[in-house]
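Enquirer: In full-length UniProt numbering, the protein residues as written are 1 to 71.
Positions of the beta carbon are idealized from the N, C-alpha and C atoms, including for glycine.
From a predicted model like this one, the values you see are computed outputs, not experimental measurements.
Below you'll find the structure I mean.
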């Protein structure tokens with residue numbers, strides 16, 4: 001049985017239009033749980049954390065983290 005090719009994930013790059021301090025403030029200020037999780041993910045990524053690490057911290061999948069960045 002042939003093995004499925006595993007796609008290599010490209011490195012995520014955030015545009016520096018928001019400073020990590022701003023992302024942290026937005027994360028802490030958010031009252032909606034989904035919005036809060038998205039800002040939290042962006043803040044962690046802005047600190048140089050890998051998407052898989054962010055996913056583990058937040059309890060989401062790597063795919064979810066990558067979708068947040070793509071929004």
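1) Please state whether the Cβ-Cβ distance between residue 54 and residue 44 is less than 9 angstroms.
2) From which residue to which residue does the alpha helix (DSSP H) around residue 58 run?
3) Which residues mark the beginning and the end of the alpha helix (DSSP H) in which residue 40 is found?
4) Can you give me the C-alpha to C-alpha distance between residue 37 and residue 17, rounded to a whole angstrom?
Expert: With the structure as the only source:
1) yes
2) 51-58
3) 33-46
4) 19 angstroms
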